[in-house]
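Numbering-wise, our numbering puts 142 at position 149 of the sequence shown, and it's gapless, one number per residue.
Step one of this worksheet: look at the structure below.
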Amino acid sequence: MSEQVRAAVRGLLHVRPVPGAHRVALRAGISVLVPLLAVLALDRPGWSVYAAFGAFTSLYGRNHVHLSRAAMQASAGAALTVSVVLGVLVGTLESRAWVVVPVAAAVAALGAVLAAAQDWHPPGPLFLIFAFGAVASAPHPVSDVPVAAAVAGLSSLFALLVGNVGSLVRRQKSRPARLAHVWSWEPVRYAVAAVLAGGTATAVGIGHPYWAMVAAVAPLSARGVTAQLVRAGHRILGTLLGLLTSAALLAPQLSPYATVLVVAALQIVTELLVGRNYGLALLFITPMALLMGQLAAARPTGQLLFDRGVETVIGAVIGGAIVLCEPWLRARIATGQRRSER
(Lines of atoms letter the chains of each structure in order from A and count residues from 1; the text may use other names and numbers.)
(Lines give C-alpha, C1' and ligand atoms only; values in the text may rest on other atoms or scores of the structure.)
Protein backbone atom coordinates (compact mmCIF):
# COMPACT_ATOMS: atom_id res chain seq x y z
CA MET A 1 0.00 0.00 0.00
CA SER A 2 1.45 3.39 -1.01
CA GLU A 3 2.07 6.11 1.55
CA GLN A 4 -0.66 8.27 -0.02
CA VAL A 5 -3.24 5.52 0.38
CA ARG A 6 -2.15 4.86 3.99
CA ALA A 7 -2.42 8.59 4.74
CA ALA A 8 -5.87 8.64 3.14
CA VAL A 9 -7.04 5.76 5.34
CA ARG A 10 -5.80 7.59 8.45
CA GLY A 11 -7.52 10.77 7.27
CA LEU A 12 -10.90 9.04 7.11
CA LEU A 13 -11.09 9.01 10.90
CA HIS A 14 -9.32 12.26 11.67
CA VAL A 15 -11.44 14.94 13.38
CA ARG A 16 -10.08 18.50 13.19
CA PRO A 17 -10.85 21.39 15.54
CA VAL A 18 -12.85 24.21 13.90
CA PRO A 19 -13.06 27.39 16.00
CA GLY A 20 -16.16 29.51 15.45
CA ALA A 21 -18.14 26.79 13.67
CA HIS A 22 -21.20 27.51 15.83
CA ARG A 23 -21.53 31.01 14.35
CA VAL A 24 -21.35 29.69 10.80
CA ALA A 25 -23.85 26.95 11.64
CA LEU A 26 -26.35 29.38 13.13
CA ARG A 27 -26.15 31.71 10.13
CA ALA A 28 -26.64 28.80 7.75
CA GLY A 29 -29.58 27.44 9.73
CA ILE A 30 -31.39 30.80 9.73
CA SER A 31 -30.61 31.36 6.04
CA VAL A 32 -32.24 28.05 5.12
CA LEU A 33 -35.13 28.14 7.60
CA VAL A 34 -36.69 31.52 6.80
CA PRO A 35 -36.92 31.20 2.96
CA LEU A 36 -38.32 27.67 3.21
CA LEU A 37 -40.94 28.79 5.73
CA ALA A 38 -41.79 31.70 3.42
CA VAL A 39 -42.52 29.48 0.40
CA LEU A 40 -44.63 27.18 2.56
CA ALA A 41 -46.55 30.18 3.90
CA LEU A 42 -47.25 31.11 0.26
CA ASP A 43 -48.46 27.53 -0.28
CA ARG A 44 -45.77 26.99 -2.93
CA PRO A 45 -43.77 23.95 -1.76
CA GLY A 46 -42.53 23.43 -5.32
CA TRP A 47 -40.53 26.63 -4.96
CA SER A 48 -38.60 25.23 -2.01
CA VAL A 49 -35.82 23.90 -4.22
CA TYR A 50 -35.21 27.42 -5.57
CA ALA A 51 -35.21 28.87 -2.07
CA ALA A 52 -32.89 26.20 -0.69
CA PHE A 53 -30.20 26.66 -3.32
CA GLY A 54 -30.32 30.43 -2.97
CA ALA A 55 -29.82 29.93 0.77
CA PHE A 56 -26.62 27.98 0.06
CA THR A 57 -25.05 31.43 -0.31
CA SER A 58 -24.61 31.28 3.46
CA LEU A 59 -22.12 28.40 3.11
CA TYR A 60 -19.48 30.61 1.49
CA GLY A 61 -16.83 32.67 3.22
CA ARG A 62 -16.89 30.95 6.61
CA ASN A 63 -13.23 31.88 7.14
CA HIS A 64 -13.72 35.46 5.98
CA VAL A 65 -15.23 38.42 7.79
CA HIS A 66 -17.42 41.39 6.96
CA LEU A 67 -16.82 42.96 3.51
CA SER A 68 -14.55 40.13 2.42
CA ARG A 69 -17.27 37.60 3.17
CA ALA A 70 -19.94 39.84 1.63
CA ALA A 71 -18.04 40.07 -1.66
CA MET A 72 -17.54 36.31 -1.79
CA GLN A 73 -21.15 35.54 -0.92
CA ALA A 74 -22.44 38.09 -3.44
CA SER A 75 -20.58 36.42 -6.31
CA ALA A 76 -21.49 32.92 -5.10
CA GLY A 77 -25.15 33.88 -4.62
CA ALA A 78 -25.36 35.32 -8.12
CA ALA A 79 -23.78 32.17 -9.55
CA LEU A 80 -26.17 29.94 -7.60
CA THR A 81 -29.15 31.92 -8.88
CA VAL A 82 -27.92 31.64 -12.46
CA SER A 83 -27.42 27.89 -11.97
CA VAL A 84 -30.99 27.51 -10.71
CA VAL A 85 -32.41 29.48 -13.65
CA LEU A 86 -30.29 27.47 -16.09
CA GLY A 87 -31.66 24.30 -14.49
CA VAL A 88 -35.21 25.49 -15.06
CA LEU A 89 -34.44 26.29 -18.71
CA VAL A 90 -33.03 22.80 -19.30
CA GLY A 91 -36.00 21.38 -17.38
CA THR A 92 -38.35 22.83 -20.00
CA LEU A 93 -36.87 20.47 -22.63
CA GLU A 94 -38.53 17.13 -23.33
CA SER A 95 -35.20 15.33 -23.86
CA ARG A 96 -33.47 16.93 -20.91
CA ALA A 97 -31.81 13.75 -19.55
CA TRP A 98 -28.83 13.85 -21.91
CA VAL A 99 -28.81 17.65 -22.24
CA VAL A 100 -28.13 17.92 -18.50
CA VAL A 101 -24.73 16.21 -18.79
CA PRO A 102 -22.92 18.59 -21.20
CA VAL A 103 -24.54 21.65 -19.65
CA ALA A 104 -23.47 20.46 -16.19
CA ALA A 105 -19.93 20.05 -17.56
CA ALA A 106 -20.02 23.66 -18.74
CA VAL A 107 -21.34 24.78 -15.34
CA ALA A 108 -18.50 22.83 -13.72
CA ALA A 109 -15.81 24.39 -15.89
CA LEU A 110 -17.08 27.96 -15.71
CA GLY A 111 -17.83 27.56 -12.00
CA ALA A 112 -14.25 26.41 -11.40
CA VAL A 113 -12.94 29.51 -13.18
CA LEU A 114 -15.18 31.80 -11.14
CA ALA A 115 -14.37 30.01 -7.87
CA ALA A 116 -10.64 30.42 -8.51
CA ALA A 117 -11.00 34.06 -9.57
CA GLN A 118 -13.03 34.95 -6.48
CA ASP A 119 -11.08 32.64 -4.14
CA TRP A 120 -14.26 30.97 -2.95
CA HIS A 121 -14.37 29.00 0.26
CA PRO A 122 -15.53 26.27 -0.03
CA PRO A 123 -13.62 26.10 -3.33
CA GLY A 124 -14.82 24.66 -6.60
CA PRO A 125 -18.19 24.50 -8.38
CA LEU A 126 -19.82 21.71 -6.35
CA PHE A 127 -22.86 23.68 -5.17
CA LEU A 128 -23.39 25.16 -8.63
CA ILE A 129 -23.53 21.67 -10.15
CA PHE A 130 -25.82 20.52 -7.33
CA ALA A 131 -28.18 23.45 -7.89
CA PHE A 132 -28.27 23.09 -11.66
CA GLY A 133 -28.58 19.30 -11.64
CA ALA A 134 -31.28 19.13 -8.99
CA VAL A 135 -33.46 21.73 -10.69
CA ALA A 136 -32.88 20.39 -14.21
CA SER A 137 -33.82 16.85 -13.14
CA ALA A 138 -37.50 17.81 -12.90
CA PRO A 139 -39.80 19.13 -15.67
CA HIS A 140 -40.58 22.86 -15.63
CA PRO A 141 -42.84 25.18 -17.60
CA VAL A 142 -41.18 28.26 -19.13
CA SER A 143 -43.22 30.39 -16.71
CA ASP A 144 -41.06 29.05 -13.88
CA VAL A 145 -37.99 30.95 -15.14
CA PRO A 146 -38.82 34.36 -13.58
CA VAL A 147 -40.18 32.64 -10.46
CA ALA A 148 -36.97 30.67 -9.99
CA ALA A 149 -34.86 33.77 -10.53
CA ALA A 150 -36.88 35.76 -7.99
CA VAL A 151 -37.08 33.08 -5.31
CA ALA A 152 -33.44 31.99 -5.56
CA GLY A 153 -32.28 35.60 -5.81
CA LEU A 154 -34.26 36.77 -2.79
CA SER A 155 -33.17 33.74 -0.76
CA SER A 156 -29.56 34.45 -1.69
CA LEU A 157 -29.97 38.10 -0.72
CA PHE A 158 -31.43 37.11 2.65
CA ALA A 159 -28.47 34.78 3.29
CA LEU A 160 -26.13 37.60 2.35
CA LEU A 161 -27.79 39.93 4.86
CA VAL A 162 -27.74 37.29 7.62
CA GLY A 163 -24.09 36.56 7.00
CA ASN A 164 -22.97 40.17 6.96
CA VAL A 165 -24.92 42.02 9.61
CA GLY A 166 -21.62 42.81 11.32
CA SER A 167 -20.29 44.65 8.28
CA LEU A 168 -22.96 47.31 8.79
CA VAL A 169 -21.27 48.41 11.98
CA ARG A 170 -17.65 47.50 11.23
CA ARG A 171 -15.69 48.19 8.09
CA GLN A 172 -12.92 46.06 6.72
CA LYS A 173 -11.20 46.03 3.36
CA SER A 174 -12.22 43.13 1.20
CA ARG A 175 -9.61 40.74 -0.06
CA PRO A 176 -8.79 41.13 -3.74
CA ALA A 177 -9.85 38.36 -6.05
CA ARG A 178 -7.14 35.81 -6.70
CA LEU A 179 -6.61 35.61 -10.44
CA ALA A 180 -3.66 33.23 -10.47
CA HIS A 181 -4.27 29.81 -11.97
CA VAL A 182 -7.75 30.72 -13.16
CA TRP A 183 -7.22 29.34 -16.65
CA SER A 184 -5.54 26.14 -15.61
CA TRP A 185 -6.19 22.42 -15.44
CA GLU A 186 -8.96 22.91 -12.83
CA PRO A 187 -11.90 23.67 -15.15
CA VAL A 188 -11.00 20.67 -17.34
CA ARG A 189 -10.90 18.15 -14.51
CA TYR A 190 -14.23 19.34 -13.10
CA ALA A 191 -15.85 19.14 -16.54
CA VAL A 192 -14.41 15.66 -17.17
CA ALA A 193 -15.70 14.47 -13.79
CA ALA A 194 -19.19 15.81 -14.51
CA VAL A 195 -19.33 14.25 -17.98
CA LEU A 196 -18.04 10.83 -16.91
CA ALA A 197 -20.20 10.58 -13.80
CA GLY A 198 -23.34 12.09 -15.31
CA GLY A 199 -22.96 10.11 -18.51
CA THR A 200 -22.47 6.84 -16.65
CA ALA A 201 -25.45 7.36 -14.35
CA THR A 202 -27.68 8.47 -17.24
CA ALA A 203 -26.67 5.50 -19.38
CA VAL A 204 -27.38 3.09 -16.52
CA GLY A 205 -30.80 4.67 -16.14
CA ILE A 206 -30.63 5.73 -12.49
CA GLY A 207 -33.09 8.42 -11.53
CA HIS A 208 -30.86 11.21 -10.24
CA PRO A 209 -27.65 11.51 -12.34
CA TYR A 210 -26.75 14.83 -10.74
CA TRP A 211 -25.98 12.99 -7.50
CA ALA A 212 -23.25 11.10 -9.34
CA MET A 213 -21.89 14.37 -10.75
CA VAL A 214 -21.82 16.00 -7.32
CA ALA A 215 -20.08 12.97 -5.81
CA ALA A 216 -17.49 13.02 -8.62
CA VAL A 217 -16.55 16.69 -8.27
CA ALA A 218 -16.61 16.72 -4.45
CA PRO A 219 -13.14 15.16 -4.01
CA LEU A 220 -11.55 17.49 -6.56
CA SER A 221 -12.04 20.62 -4.46
CA ALA A 222 -9.77 19.33 -1.65
CA ARG A 223 -6.11 20.34 -1.70
CA GLY A 224 -3.60 17.59 -2.39
CA VAL A 225 -3.94 14.00 -3.58
CA THR A 226 -4.24 12.53 -0.09
CA ALA A 227 -7.00 14.96 0.91
CA GLN A 228 -8.82 14.27 -2.34
CA LEU A 229 -8.74 10.51 -1.78
CA VAL A 230 -9.97 11.05 1.79
CA ARG A 231 -12.82 13.16 0.45
CA ALA A 232 -13.81 10.44 -2.03
CA GLY A 233 -13.78 7.83 0.75
CA HIS A 234 -15.77 10.10 3.04
CA ARG A 235 -18.32 10.67 0.28
CA ILE A 236 -18.96 6.96 -0.11
CA LEU A 237 -18.86 5.84 3.53
CA GLY A 238 -20.60 8.93 4.90
CA THR A 239 -23.39 8.75 2.35
CA LEU A 240 -24.00 5.02 2.80
CA LEU A 241 -24.23 5.46 6.58
CA GLY A 242 -26.27 8.61 6.01
CA LEU A 243 -28.87 6.50 4.21
CA LEU A 244 -29.69 4.96 7.59
CA THR A 245 -30.39 8.37 9.15
CA SER A 246 -32.27 9.29 5.97
CA ALA A 247 -34.50 6.22 6.22
CA ALA A 248 -35.31 7.04 9.84
CA LEU A 249 -36.25 10.65 9.01
CA LEU A 250 -38.17 9.84 5.83
CA ALA A 251 -40.22 7.03 7.39
CA PRO A 252 -42.60 9.22 9.47
CA GLN A 253 -43.56 11.27 6.37
CA LEU A 254 -43.29 14.56 8.20
CA SER A 255 -45.51 17.50 7.41
CA PRO A 256 -43.97 20.26 5.25
CA TYR A 257 -43.41 22.57 8.22
CA ALA A 258 -41.88 19.80 10.31
CA THR A 259 -39.65 18.90 7.36
CA VAL A 260 -38.39 22.48 7.11
CA LEU A 261 -37.54 22.54 10.81
CA VAL A 262 -35.64 19.25 10.49
CA VAL A 263 -33.80 20.50 7.40
CA ALA A 264 -32.72 23.66 9.25
CA ALA A 265 -31.52 21.58 12.20
CA LEU A 266 -29.59 19.26 9.87
CA GLN A 267 -28.00 22.28 8.19
CA ILE A 268 -26.78 23.55 11.55
CA VAL A 269 -25.32 20.18 12.52
CA THR A 270 -23.71 19.86 9.08
CA GLU A 271 -21.88 23.15 9.45
CA LEU A 272 -20.70 22.17 12.91
CA LEU A 273 -19.17 18.97 11.51
CA VAL A 274 -18.14 19.59 7.90
CA GLY A 275 -14.85 21.27 8.78
CA ARG A 276 -14.05 18.64 11.40
CA ASN A 277 -14.74 15.49 9.40
CA TYR A 278 -16.50 15.48 6.03
CA GLY A 279 -17.64 11.88 6.44
CA LEU A 280 -19.42 12.63 9.71
CA ALA A 281 -21.09 15.64 8.12
CA LEU A 282 -22.50 13.42 5.37
CA LEU A 283 -24.53 11.54 7.98
CA PHE A 284 -26.60 14.74 8.09
CA ILE A 285 -26.02 16.13 4.58
CA THR A 286 -27.59 13.02 3.06
CA PRO A 287 -30.97 13.19 4.83
CA MET A 288 -31.02 16.98 4.46
CA ALA A 289 -30.71 16.71 0.67
CA LEU A 290 -33.33 13.98 0.45
CA LEU A 291 -35.79 15.82 2.68
CA MET A 292 -35.42 19.01 0.62
CA GLY A 293 -36.16 17.01 -2.52
CA GLN A 294 -39.21 15.38 -0.95
CA LEU A 295 -40.49 18.78 0.13
CA ALA A 296 -40.55 19.96 -3.49
CA ALA A 297 -41.73 16.70 -5.09
CA ALA A 298 -42.27 13.51 -3.09
CA ARG A 299 -40.88 10.22 -4.50
CA PRO A 300 -40.96 6.61 -3.23
CA THR A 301 -38.53 6.37 -0.33
CA GLY A 302 -36.98 3.01 -1.19
CA GLN A 303 -36.07 4.00 -4.74
CA LEU A 304 -34.80 7.36 -3.51
CA LEU A 305 -32.40 5.75 -1.03
CA PHE A 306 -31.20 3.24 -3.62
CA ASP A 307 -30.54 5.91 -6.23
CA ARG A 308 -28.63 8.05 -3.74
CA GLY A 309 -26.37 5.20 -2.66
CA VAL A 310 -25.60 3.84 -6.13
CA GLU A 311 -25.03 7.22 -7.73
CA THR A 312 -22.77 8.35 -4.91
CA VAL A 313 -20.59 5.26 -5.30
CA ILE A 314 -20.42 5.73 -9.08
CA GLY A 315 -19.51 9.40 -8.79
CA ALA A 316 -17.00 9.10 -5.96
CA VAL A 317 -15.21 6.19 -7.66
CA ILE A 318 -14.92 8.24 -10.85
CA GLY A 319 -13.70 11.25 -8.89
CA GLY A 320 -11.12 9.12 -7.08
CA ALA A 321 -9.97 7.60 -10.39
CA ILE A 322 -9.45 11.09 -11.83
CA VAL A 323 -7.36 12.01 -8.80
CA LEU A 324 -5.18 8.92 -9.19
CA CYS A 325 -4.80 9.27 -12.97
CA GLU A 326 -4.16 13.00 -12.96
CA PRO A 327 -0.37 12.87 -12.31
CA TRP A 328 0.08 10.43 -15.21
CA LEU A 329 -2.14 12.53 -17.48
CA ARG A 330 -0.30 15.74 -16.58
CA ALA A 331 3.00 14.05 -17.36
CA ARG A 332 1.70 12.89 -20.74
CA ILE A 333 0.45 16.38 -21.59
CA ALA A 334 3.75 17.94 -20.53
CA THR A 335 5.69 15.42 -22.65
CA GLY A 336 3.51 16.18 -25.65
CA GLN A 337 4.00 19.93 -25.20
CA ARG A 338 7.79 19.53 -25.02
CA ARG A 339 7.80 17.47 -28.19
CA SER A 340 5.67 20.02 -30.03
CA GLU A 341 8.10 22.80 -29.03
CA ARG A 342 11.10 21.03 -30.55
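We put the beta carbon where it would ideally sit given N, CA and C, even for glycine.
message: Would THR101 and ALA21 be called neighbours here (beta carbons separated by less than 7 Å)?
response: Per the sequence shown, the amino acid found at residue 101 is Ala instead of Thr. No, they are not a contact pair.
field: alpha helix (DSSP H) runs contained entirely in the segment 187 to 247, provided each spans 4 or more residues
entry: 202 to 210 and 218 to 243
field: SER88 (DSSP reduced to helix, strand or coil)
entry: coil
- prompt: How would you write the range of the alpha helix (DSSP H) that PRO118 sits in, first residue to last?
  reply: From DSSP, PRO118 is part of no alpha helix (DSSP H); its letter is neither H nor E.
task: Taking 7 Å as the cut-off, decide whether the C-beta atoms of LEU73 and PHE49 are in contact.
output: yes
message: If the criterion is Cβ atoms closer than 7 Å, does the pair ALA309 and ALA208 meet it?
response: yes
field: Segment limits, alpha helix (DSSP H) that includes VAL32
entry: 14 to 34
- prompt: In terms of residues, what are the limits of the alpha helix (DSSP H) holding THR279?
  reply: 271 to 289
field: For VAL78, the three-state DSSP class (helix, strand or coil)
entry: helix
Same chain only: Cβ atoms within 7 Å of LEU86, ignoring 5 sequence neighbours per side: VAL92
field: Span of the alpha helix (DSSP H) around ASP112
entry: From DSSP, ASP112 is part of no alpha helix (DSSP H); its letter is neither H nor E.
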